């Protein structure tokens, strides 16, 4: 096996450009999951990232087979030449280990070959990024901060501007949620690709559909997957750690209801409720909380995420399932908290005090839920915990 | 594991070598030079080469090229696979090593056991405690961990139970024996315990369709103060965590109690391995019961849930884990010792029942 037989050579991490995600991550390597609709242009995007002269040392992992994964590394020294390795994934002998064998294999490779600046994990076909993101996010708890540990940067989804709407409306539903919708719901950056082949009206409809399902993702219109790397890598979408000003401004934008001047789109936000084949997003306002309310909020989130029902036991019609949740709110004692969650994994973490004053956090926070069964009873249930 | 079996069958059967295990072709290739000597030993008599990995009595270290983190070395060959009488109920992985029932139930919430099932758990856990106590009574300098494995195996089948570790994902023995810097999953071999060692014996039984899991760390003869400290700390971590267990308690909160205790004693909490749900599955939901603070573990304790808490505590500040080439033995990265204690617990309507509870170990409390 090529990786094992090679004599490991010392490789300096790229010093041309600063390693991404350094601030506040303790020097761990960011990992981005790339998913996408069939034929949307995911491979073109990945190929571009591998071959372009961006100065980053990026590894792309494609998990095509069960027990091996191909890893292509783009090196800043020679971007044209990609080295190809095979990662052999251990046989799952590590029972009771929370470190996944695939993650362990990637970290082992970095130990041998030196740290990468960024890792891309390209998922196959219509894979749902949620469980994969959840696994990498959980794995952060095992990080040593040695520069060879991985942290989850975010999920990127490539949507076909021409056939995307049809795919969303018609694709095969697993547990009542279409696979393409799961991808959109679980993503942090969405590339609406091949816009040159579609009409402005169609683009508007498709984009509205996407934003309706996932109001917290950034959506970009692209041609042939062309987009600045900074828009898709280093987004820090799962940050719960003390924020840098860059990351905070993204959250700030979100907290203000997503009304950014520079995107020029007209999207409806606030309390609207958009539903697409059972999947929808719900935005709830969250005022400054007392400590009791914060505890009840945590209880509410964990009941909904872990047990898929509302705390009072009241069931919603079509079954409750949260795919992603995000929120930011303040408490009476002046602290700010970030809620991050994917599938049933979540965290409510305090943001550094200094950042609060710097960002001018508004009194009102917001919580966004994306998933299935998010009907009126859910909103009412959430709001009822605020009336204490 | 197929390759492992293939190597074991073809080559070693031809030479009449029993129980030789290699973890894969690469490992085998890397150790061929050393290992070839054993083949020579097994066929016509040849003079012994002056190889530091081979002991005078013919035992050997199969991983000569591996950079061990401490002074412990494996002592091979492993003894032949022990048989379990046909009348004893076996778990689904007994034949092929694959716990298919665990995969089938993956993603489901933790089981809530009814009164009859809870009684079965009480029974198997009582048996597990008996077997561990029997094994522990034999600890003395000079006994090999393989002999302890034989004792555990015999005591288990005497009770008409199946030793859960045997062939679970290919584990070759009936008990895990972890000496000094081994954190967990040590494979019993021909190494003799020495005065001054600590050894963890991790026993699991499968009886009447349910598993029980228990481990304790024991001193071998007289041990130094650091070893006493790490054992006492691990026991205290487990005791205090158990006190938190009751309906409504969160699995993610256990680490908040465990980690400060470890830290206060100059120790670190292992993160890679966690406690786990246990019932008709050896390892079931909740699949992660972390022992460290600030974790995102999922789940609220409810009456009828059965699971383990099993903190692994390392002396010093390194919580990380390295693995021997056998793909099981987990060791500390700095070679410092590690201690562990484990109990199987049942959440009751009002609190917790320690199903595997045994007599209080006076050596662990001042």
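Protein chains in written order, with this note's numbering: chain U, 1 to 388; chain Y, 1 to 366. Built from N, CA and C at the ideal position, the CB exists for glycine as well. Here the structure is a predicted model, which means the values were calculated and not measured.
query	result
Under 9 Å between C-beta atoms of residue 227 of chain U and residue 191 of chain U	yes
Distance between residue 367 of chain U and residue 294 of chain Y (C-alpha atoms, nearest Å)	22 Å
Positions along the segment 321-352 of chain U whose CB lies within less than 8 Å of some CB in chain Y	344, 345, 346, 347
Coil, strand or helix - residue 296 of chain U by DSSP	helix
Range covered by the alpha helix (DSSP H) that runs through residue 280 of chain U	Note, residue 280 of chain U: premise wrong, no alpha helix (DSSP H); beta strand (DSSP E) at 279-286.
Chain Y contacts made by the segment 138-161 of chain U, where a contact means CB separation under 8 Å	138, 141, 142, 144
Segment contact flag, the segment 214-230 of chain U with the segment 41-48 of chain U, C-beta cutoff 8 Å, min 3 pairs	yes
Reduced DSSP category for residue 204 of chain Y - H, G, I as helix; E, B as strand; rest coil	strand
Any non-hydrogen atom of the ligand ZN within 8 Å of residue 220 of chain U CB	Absent from the structure shown: the ligand ZN. Ligands present: none.
Beta-bridge pairing of residue 212 of chain Y - partner residues as DSSP gives them	Y:205
Beta-ladder partner(s) of residue 408 of chain Y, from DSSP	Because chain Y in this structure spans residues 1 to 366, residue 408 of chain Y falls outside the shown range and cannot be described.
At least 3 beta-carbon pairs within less than 8 Å: the segment 133-145 of chain U vs the segment 277-297 of chain Y	yes
Beta-carbon proximity of residue 107 of chain U to residue 171 of chain U, cut-off 9 Å	no
Residue 349 of chain Y to residue 279 of chain Y span [Cα, whole Å]	18 Å
Residue from U:160, U:199, U:236, U:232 with nearest C-alpha to residue 210 of chain U	U:160
Touching by the beta-carbon criterion (3+ pairs, under 8 Å), the segment 154-162 of chain Y and the segment 108-120 of chain Y	no
Under the three-state DSSP convention, the category residue 193 of chain U falls into	strand
Beta-carbon proximity check, residue 354 of chain Y vs residue 345 of chain Y, cutoff 9 Å	yes
Span of the alpha helix (DSSP H), counted from its first residue to its last, around residue 328 of chain U	Note, residue 328 of chain U: premise wrong, no alpha helix (DSSP H); beta strand (DSSP E) at 321-330.
Sequence-distant residues of the same chain with beta carbon closer than 7 Å to residue 261 of chain U, five excluded per side	Residue placement at residue 261 of chain U is flagged as unreliable, the pLDDT there being 37, under the threshold of 50; the coordinate-derived value follows with that caveat. Cβ neighbours of residue 261 of chain U beyond the five flanking positions: none.
Cβ separation of residue 168 of chain Y and residue 99 of chain Y, assumed to be a contact under 8 Å, to the nearest whole Å	7 Å
Residue range of the alpha helix (DSSP H) that includes residue 153 of chain Y	145-158
Contact set between residue 306 of chain U and chain Y, taken where Cβ atoms lie within less than 9 Å	109, 298, 299, 300
Same chain, Cβ closer than 6 Å to residue 323 of chain Y, neighbours up to 5 away in sequence not counted	330
Spatial distance of residue 96 of chain U from residue 290 of chain U (CA atoms)	A caution first: residue 96 of chain U carries a pLDDT of 47, below 50, which makes its placement in the model unreliable, though a value can still be read off. So the two alpha carbons sit approximately 39 Å from each other.
Beta-carbon neighbours of residue 320 of chain Y, restricted to chain U and to distances below 8 Å	144
Residues that DSSP places opposite residue 237 of chain Y in a beta bridge	Residue 237 of chain Y is not bridged to any residue.
Chain U within 9 Å of residue 314 of chain Y, Cβ atoms only	no
Proximal residues to residue 303 of chain U (C-beta, below 6 Å), its chain only, five neighbours per side dropped	311
Backbone CA spacing between residue 66 of chain U and residue 141 of chain Y [nearest angstrom]	Its pLDDT being 48, under 50, residue 66 of chain U is placed unreliably by the model, and nothing is read from it.
Chain Y within 9 Å of residue 182 of chain U, Cβ atoms only	no
Partners in chain U for residue 160 of chain Y, counting only beta-carbon separations shorter than 7 Å	Per Cβ cutoff of 7 Å: no residues; residue 160 of chain Y is ~25 Å from chain U at best.
Span separating the alpha-carbon of residue 332 of chain Y from that of residue 338 of chain Y	7 Å
Interface flag, residue 250 of chain Y vs chain U, CB-CB below 9 Å	yes
9 Å Cβ cutoff, residue 296 of chain U in contact with chain Y	no
Of the listed residues Y:61, Y:57, Y:84, Y:123, nearest to residue 325 of chain Y (C-alpha basis)	Y:61
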